[in-house]
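S.K.:
There are 2 protein chains.
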Amino acid sequence: MSRRSGVLEFAILGLLRESPMHGYELRKRLNTSLGVFRAFSYGSLYPCLKTLVTQGWLVEEHSSEEPLTAASLAGRRAKIVYRLTAAGKEHFEELLAHSGPDAWEDEQFGVRFAFFGHTERDVRMRVLEGRRSRLEERLEKMRASLARTRERLDDYTLELQRHGMESVEREVRWLNELIETERAGRGRATGRHADQGRDDTDPTDTTY
Amino acid sequence: MSRRSGVLEFAILGLLRESPMHGYELRKRLNTSLGVFRAFSYGSLYPCLKTLVTQGWLVEEHSSEEPLTAASLAGRRAKIVYRLTAAGKEHFEELLAHSGPDAWEDEQFGVRFAFFGHTERDVRMRVLEGRRSRLEERLEKMRASLARTRERLDDYTLELQRHGMESVEREVRWLNELIETERAGRGRATGRHADQGRDDTDPTDTTY
DNA sequence: TTCGTCATGTAATGGGTTACATGATTAC
DNA sequence: GTAATCATGTAACCCATTACATGACGAA
Chain A
1 MSRRSGVLEF
11 AILGLLRESP
21 MHGYELRKRL
31 NTSLGVFRAF
41 SYGSLYPCLK
51 TLVTQGWLVE
61 EHSSEEPLTA
71 ASLAGRRAKI
81 VYRLTAAGKE
91 HFEELLAHSG
101 PDAWEDEQFG
111 VRFAFFGHTE
121 RDVRMRVLEG
131 RRSRLEERLE
141 KMRASLARTR
151 ERLDDYTLEL
161 QRHGMESVER
171 EVRWLNELIE
181 TERAGRGRAT
191 GRHADQGRDD
201 TDPTDTTY
Chain B
1 MSRRSGVLEF
11 AILGLLRESP
21 MHGYELRKRL
31 NTSLGVFRAF
41 SYGSLYPCLK
51 TLVTQGWLVE
61 EHSSEEPLTA
71 ASLAGRRAKI
81 VYRLTAAGKE
91 HFEELLAHSG
101 PDAWEDEQFG
111 VRFAFFGHTE
121 RDVRMRVLEG
131 RRSRLEERLE
141 KMRASLARTR
151 ERLDDYTLEL
161 QRHGMESVER
171 EVRWLNELIE
181 TERAGRGRAT
191 GRHADQGRDD
201 TDPTDTTY
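Heads up: the sequence lines are chains A and B, in that order. full-length UniProt numbering numbers the first residue of the first sequence as 1 and each following residue consecutively. full-length UniProt numbering numbers the first residue of the second sequence as 1 and each following residue consecutively.
What follows is the structure in structure tokens.
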């Protein structure tokens with residue numbers, strides 16, 4: 001009894017906040033909507049859904065039929081649609097409000113950002129700034145270590161390190177722009193969830 | 001009985017190839033020399049070292065004294081220096097020669113690149129090109145998924161996706177340059193290991 | 001003598017995948 | 001009717017971290 005994951009839990013709640021879904025569809029969205037990071041397998045997803053149900057954040061809806069899929073009047077089975085409960089929504093809202101240090105660590109930052117559309121302005125700022133200083137701190141360490149060991153390292157290792165540092169520097173610049181935009185008040189409105197007619201009939205099993 | 005890790009094993013063998021070390025030092029090098037990726041803890045490192053010993057790739061040297069550390073003539077204890085055996089070196093050489101698909105996946109590519117200084121030219125090429133086409137494939141999927149779902153996504157998710165794609169594109173350009181350089185024959189010589197007097201007395205516990 | 005860092009280890013736990021098992025539905 | 005994909009699940013394993021336990025050495 002547990003299967004807590006943090007990011008997975010957060011992502012599921014966030015996606016279901018927008019509209020109910022069944023596991024299979026959920027997984028696809030997990031691997032696309034939320035950037036490149038994390039490609040969860042069913043082996044993680046389904047057990048997690050179960051625990052979220054027992055927690056009371058979700059309810060299973062054993063839908064005997066789907067809205068109007070061309071031809072289907074006879075009984076349908078097995079397809080379980082998960083819907084966010086009021087308690088679940090509330091819980092998600094709480095999670096969104098937290099802006100502790102882990103929110104800007106590598107594991108969480110991506111998901112957090114993905115749901116910025118539902119996040120309060122000041123929380124967004126704290127997370128962005130937290131991430132930025134985290135990365136700057138990292139850069140400092142890298143520079144220091146590089147200065148200490150430069151002579152000892154061969155060209156390839158050096159190149160790898162250089163490229164790594166540039167990646168981090170690039171993300172810092174990106175964050176600078178985002179923070180700038182937020183400051184300028186051009187940050188997007190909170191609570192937007194533009195859900196227009198889902199025609200989710202794409203064929204690919206998108207796992208980058 | 002196992003504790004196989006792949007990357008950790010590879011990295012340990014690679015680092016010890018250059019010179020014997022004890023676990024503590026090994027870990028520091030793991031977290032700096034090998035780019036930003038992976039920060040292994042002792043909980044992974046020491047057990048792994050043990051299994052590498054039982055495999056015969058390493059030998060423990062319970063050195064009673066270190067070369068010449070200022071004041072120490074009486075017995076010293078505990079410091080275990082690991083040295084690569086002939087078999088271990090041979091094994092590492094075999095690993096270096098392999099250029100299967102996993103060599104250019106996210107988990108392995110970094111370490112593989114870090115030891116390109118010991119890797120044959122044609123293997124380097126295959127790994128670099130493999131990685132590049134892997135990333136291009138990924139880009140295609142991302143583009144396709146983006147085209148399919150653009151309207152449904154809010155600005156933040158879109159921005160996240162855009163930034164993610166740019167990161168991948170950037171790595172592709174990097175690989176292009178590297179491949180170009182290798183083609184031009186300006187690839188660094190194989191088998192270089194410029195080991196000049198290790199004065200490894202840096203204080204920091206570098207974990208980015 | 002106390003603090004920091006060097007140094008080695010282990011048991012419990014966590015978070016995830018793989019491989020497998022099952023079956024319904026759709027498209028040809 | 002058969003292949004692909006949709007859809008749900010579980011058990012066994014894997015890899016690594018955390019928290020803990022231990023202790024030596026050097027410098028203030």
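All C-beta atoms, glycine included, are put in the ideal place defined by N, C-alpha and C. Predicted, not measured: the structure shown is a model, and the values here were computed from it.
Are the beta-carbon atoms of Leu52 (chain B) and Gly23 (chain B) separated by less than 9 Å?
M.R.: One thing to note: Leu52 (chain B) has its Cβ no nearer than 9 Å to the Cβ of Gly23 (chain B).
S.K.: Between Leu8 (chain B) and Ser41 (chain B), which are expected to be in contact by the criterion C-beta below 8 Å, what is the C-beta distance as a whole number of angstroms?
M.R.: Ser41 (chain B) and Leu8 (chain B) do not touch by the CB rule: their CB atoms are close to 11 Å apart, not below 8 Å.
S.K.: Using only the alpha-carbon positions, how far apart do Arg112 (chain A) and Glu180 (chain A) sit?
M.R.: 19 Å
S.K.: Give me the Cα-Cα distance between Phe116 (chain A) and Tyr46 (chain A), rounded to the nearest whole angstrom.
M.R.: 25 Å
S.K.: Taking Tyr24 (chain B) as part of the alpha helix (DSSP H), name the residues at either end of that continuous run.
M.R.: Gly23 to Thr32
S.K.: For chain B, find out if any of its Cβ atoms is closer than 9 Å to the Cβ of Leu34 (chain A); answer yes or no.
M.R.: yes
S.K.: Whose CA, out of B:Arg124, B:Arg17 and B:Thr157, lies closest to the CA of Ala86 (chain B)?
M.R.: Taking each of B:Arg124, B:Arg17 and B:Thr157 in turn and checking the Cα distance to Ala86 (chain B), the smallest one comes out for B:Arg17.
S.K.: Can you tell me where the alpha helix (DSSP H) with Leu15 (chain B) in it begins and where it stops?
M.R.: Val7 to Glu18
S.K.: On a Cα-Cα basis, can you pick out the residue from B:Glu61, B:Met165 and B:Glu90 that is closest to Lys79 (chain B)?
M.R.: B:Glu61
S.K.: What does the alpha-carbon distance come out to for the pair Gln108 (chain A) and Met125 (chain A)?
M.R.: 15 Å
S.K.: Just to confirm, are Gly185 (chain A) and Phe92 (chain A) a CB contact at a threshold of 9 Å?
M.R.: no
S.K.: So for His91 (chain A), helix, strand or coil by DSSP?
M.R.: helix
S.K.: Count the other CB atoms within 10 Å of the CB of residue 242 (chain A); is the residue buried (16 or more) or exposed (fewer)?
M.R.: There is no way to answer for residue 242 (chain A), as the model of chain A reaches only from 1 to 208.
S.K.: In the DSSP assignment, the beta strand (DSSP E) including Tyr82 (chain B) goes from what residue to what residue?
M.R.: Ile80 to Leu84
S.K.: For Trp174 (chain B), go through chain A and note every residue whose CB falls closer than 8 Å to its CB, in chain order.
M.R.: His163
S.K.: Does Ala97 (chain A) pass the burial test, meaning 16 or more other C-beta atoms within 10 Å, or should it be called exposed?
M.R.: exposed
S.K.: Under the rule that 16 or more other beta-carbon atoms within 10 Å means buried, what is Glu177 (chain A), buried or exposed?
M.R.: When all chains shown are included, Glu177 (chain A) counts as exposed.
S.K.: Count the C-beta pairs between the segment 135-144 of chain B and the segment 166-176 of chain B that are closer than 8 Å, then say yes if the count reaches three, no if not.
M.R.: yes
S.K.: Note down, in chain order, each residue of its chain lying with its Cβ closer than 8 Å to the Cβ of Ser33 (chain B), except the 5 sequence neighbours on either side.
M.R.: Leu15 and Ala114
S.K.: Assuming Arg143 (chain A) contacts Trp104 (chain A) under a Cβ cut-off of 8 Å, what Cβ separation, rounded to an integer in Å, is found between them?
M.R.: Contact flag wrong, Cβ pair sits at about 20 Å.
S.K.: Closer than 8 Å between beta carbons: that is the criterion. Which residues of the segment 113-138 of chain B meet it against chain A?
M.R.: Phe113, Ala114, Phe115, Phe116, Gly117 and Arg138
S.K.: Taking the alpha helix (DSSP H) that residue 217 (chain B) falls in, what are its first and last residues?
M.R.: The structure shown does not extend to residue 217 (chain B), since chain B is modelled only from 1 to 208, so the question has no answer here.
S.K.: Figure out for me which residue from B:Ala39, B:Ala147, B:Gly56 and B:Glu120 has the closest Cα to the Cα of Lys89 (chain B).
M.R.: Among B:Ala39, B:Ala147, B:Gly56 and B:Glu120, the Cα nearest to that of Lys89 (chain B) belongs to B:Gly56.
S.K.: Against chain A, with Cβ distances strictly below 9 Å, would Arg170 (chain B) count as a contact?
M.R.: yes
S.K.: For Ala11 (chain B), does the count of other Cβ atoms within 10 angstroms reach 16, so buried, or fall short, so exposed?
M.R.: Using a 10 angstroms sphere on the CB of Ala11 (chain B), the tally of other CB atoms reaches 16 or more, which defines it as buried.
S.K.: Work out the CA separation of Thr157 (chain B) and Arg173 (chain A) for me, nearest whole Å.
M.R.: 18 Å
S.K.: Going by CA-CA distance only, name the one from B:Arg29, B:Val123 and B:Leu58 that's closest to Tyr208 (chain B).
M.R.: Residue B:Arg29 is the option with its Cα nearest to Tyr208 (chain B).
S.K.: Under 8 Å Cβ to Cβ from Glu182 (chain B), same chain only, skipping five residues before and after it: list those, please.
M.R.: Arg121, Arg124, Met125 and Leu128
S.K.: Can you pull the chain B neighbours of Gly110 (chain A), defined as C-beta to C-beta under 9 Å?
M.R.: Leu160 and Gly164
S.K.: Contact criterion: CB-CB distance below 9 Å. Does His54 (chain B) meet it with respect to chain A?
M.R.: First, the amino acid is wrong: residue 54 (chain B) is Thr here, not His. For Thr54 (chain B), the answer is no, since every Cβ of chain A falls outside 9 Å of its Cβ.
S.K.: Could you tell me which of A:Pro20, A:Gly6 and A:Arg38 sits nearest to Gly164 (chain B), measuring between CA atoms?
M.R.: With distances taken between CA atoms, Gly164 (chain B) lies nearest to A:Arg38 out of A:Pro20, A:Gly6 and A:Arg38.
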